[in-house]
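Written below as structure tokens is the structure these notes are about.
Protein chains in written order, with the numbering used here: chain A, 316 to 486; chain B, 1470 to 1622.
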């Protein structure tokens, strides 16, 4: 749609114009500090990520294993029965080649966010993470991947304790 | 067994910060208004000959007849306190020793919200004339805070 517009109205400004003082502006920084209660499910998930394990939870009635773990089953609304440790390998469910960073900077090498179905969870149950150590053109849906963890002493109970997923080296 | 108990090793809360920053450019009229404050220590307004209104801070359009305004007027640096209030707490909620006085100072048919200084809080009153005290020219950056405060005439 924007291709049809030859000239946008208004005055376009570059970073240099701000530096040179060509334009006056007000800079402001939001105080966006927050604390989000992790709860029982995600709290346990983050604690086990610190130990290098991806945790799921199991409902015996529905015979479902979901990841990240939830304490109430989304199918039968009953409390889940147990936490189950899952493998740190999985299958690419879907992915994207992203040539723009979160703060809208263009990049040459794409970031590859992907949904990865974790081995041990029920089919089509997975988590979102990044792929790396892979040729962007070689990424395929159904590709087998494995987690690359941070060293144990650097893990702090965060989803970023897994740095990224890389193609699985078959043994 | 149900999953009712928190993992004692689990983080109770995820604490983080949203990195939200913004740059606000003042627009056509605002740019000229703040340039005048920064470079000349002047407060500018725009006059609508149709409605005989002088807008302060300056605007590019008359909000009554929507005509474009290009008649710029220097409204001087002395205005009248229309209303004021005492602030006993700071922005972060901590108590203040001396209250800060925030006033609406009328210029022509508009005005500015700013702080009053060099005035005994008990002597502040509606209708008193106050004058803008500008920061030294070298310290001005093109902001409403280039006026440090208003003091009684």
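For every residue, glycine included, the Cβ atom is placed at its ideal position computed from N, Cα and C.
The beta strand (DSSP E) enclosing residue i, as first and last residue numbers
i               : result
residue 340(A)  : 340–344
residue 1579(B) : 1579–1585
residue 333(A)  : Unbroken run through residue 333(A) is the alpha helix (DSSP H), 330–334; no beta strand (DSSP E).
residue 1472(B) : No beta strand (DSSP E) contains residue 1472(B), which DSSP labels as neither H nor E.
residue 360(A)  : First-last for residue 360(A): 354–365, but that is the alpha helix (DSSP H), not the beta strand (DSSP E).
residue 1563(B) : Careful: residue 1563(B) lies outside any beta strand (DSSP E) and carries neither H nor E.
residue 1485(B) : 1482–1486
residue 1541(B) : 1540–1543
residue 401(A)  : 397–401
residue 372(A)  : 369–374
residue 482(A)  : 477–482
Per-residue contacts from residue i into chain B (C-beta, under 8 Å)
i              : result
residue 338(A) : 1494, 1500
Residue i, enclosing alpha helix (DSSP H) - first and last residue
i               : result
residue 1502(B) : 1496–1504
Under 7 Å between C-beta atoms of residue i and residue j
i               : j               : result
residue 372(A)  : residue 395(A)  : yes
residue 440(A)  : residue 399(A)  : no
residue 1498(B) : residue 352(A)  : no
residue 405(A)  : residue 432(A)  : yes
residue 478(A)  : residue 465(A)  : yes
residue 1512(B) : residue 1546(B) : yes
residue 1616(B) : residue 1601(B) : yes
residue 1479(B) : residue 462(A)  : no
residue 428(A)  : residue 447(A)  : no
Proximal residues of chain A, C-beta to C-beta of residue i below 8 Å
i               : result
residue 1505(B) : Per Cβ cutoff of 8 Å: no residues; residue 1505(B) is ~11 Å from chain A at best.
residue 1480(B) : 353, 358, 361, 362, 472
Residues that residue i contacts on chain A, provided the C-beta gap is smaller than 9 Å
i               : result
residue 1490(B) : 342, 343, 344, 345
residue 1541(B) : Those within 9 Å of residue 1541(B) in chain A number zero; the least Cβ separation is about 17 Å.
residue 1485(B) : 347, 348, 349, 350, 351
For residue j and residue i, the rounded distance between their alpha carbons
i               : j               : result
residue 1596(B) : residue 1578(B) : 15 Å
residue 1598(B) : residue 1492(B) : 34 Å
residue 1474(B) : residue 380(A)  : 19 Å
residue 1515(B) : residue 1535(B) : 13 Å
residue 1566(B) : residue 476(A)  : 47 Å
residue 1470(B) : residue 423(A)  : Summary for residue 1470(B): the model assigns pLDDT 48, below 50, so the residue's position carries little reliability; its value from the coordinates is reported in the next sentence. Their Cα atoms are separated by approximately 51 Å.
residue 1527(B) : residue 1591(B) : 33 Å
residue 419(A)  : residue 344(A)  : 18 Å
residue 1549(B) : residue 322(A)  : 45 Å
residue 1580(B) : residue 1557(B) : 24 Å
residue 472(A)  : residue 357(A)  : 10 Å
residue 1606(B) : residue 1508(B) : 7 Å
residue 491(A)  : residue 484(A)  : In this structure chain A extends from 316 to 486, so residue 491(A) is not present and cannot be described.
residue 414(A)  : residue 1574(B) : 51 Å
residue 1487(B) : residue 1521(B) : 47 Å
residue 1489(B) : residue 348(A)  : 10 Å
residue 339(A)  : residue 374(A)  : 60 Å
residue 1555(B) : residue 354(A)  : 43 Å
Partners in chain B for residue i, counting only beta-carbon separations shorter than 7 Å
i              : result
residue 329(A) : Ordered by position in chain B, no residue passes the 7 Å Cβ test against residue 329(A), which lies about 13 Å from the chain.
Chain-ordered chain B contacts of residue i [CB-CB under 9 Å]
i              : result
residue 398(A) : 1472, 1476
Interface partners of residue i on chain A, CB under 7 Å
i               : result
residue 1611(B) : 339
(request) Could you please tell me which residues of the stretch 338–357 of chain A, in chain order, have their CB closer than 9 Å to any CB of chain B? (result) 338, 339, 340, 341, 342, 343, 344, 345, 346, 347, 348, 349, 350, 351, 352, 353, 354, 355, 356, 357
(request) Give the residues from the stretch 1508–1523 of chain B that approach chain A closer than 9 Å (Cβ to any Cβ), ordered along the chain. (result) none
(message) Taking beta-carbon pairs under 7 Å, can you tell me which members of the stretch 379–392 of chain A lie near chain B?
(response) 386
(request) Select from the stretch 365–376 of chain A all residues with a C-beta closer than 8 Å to any C-beta belonging to chain B, and list them in chain order. (result) 365, 372
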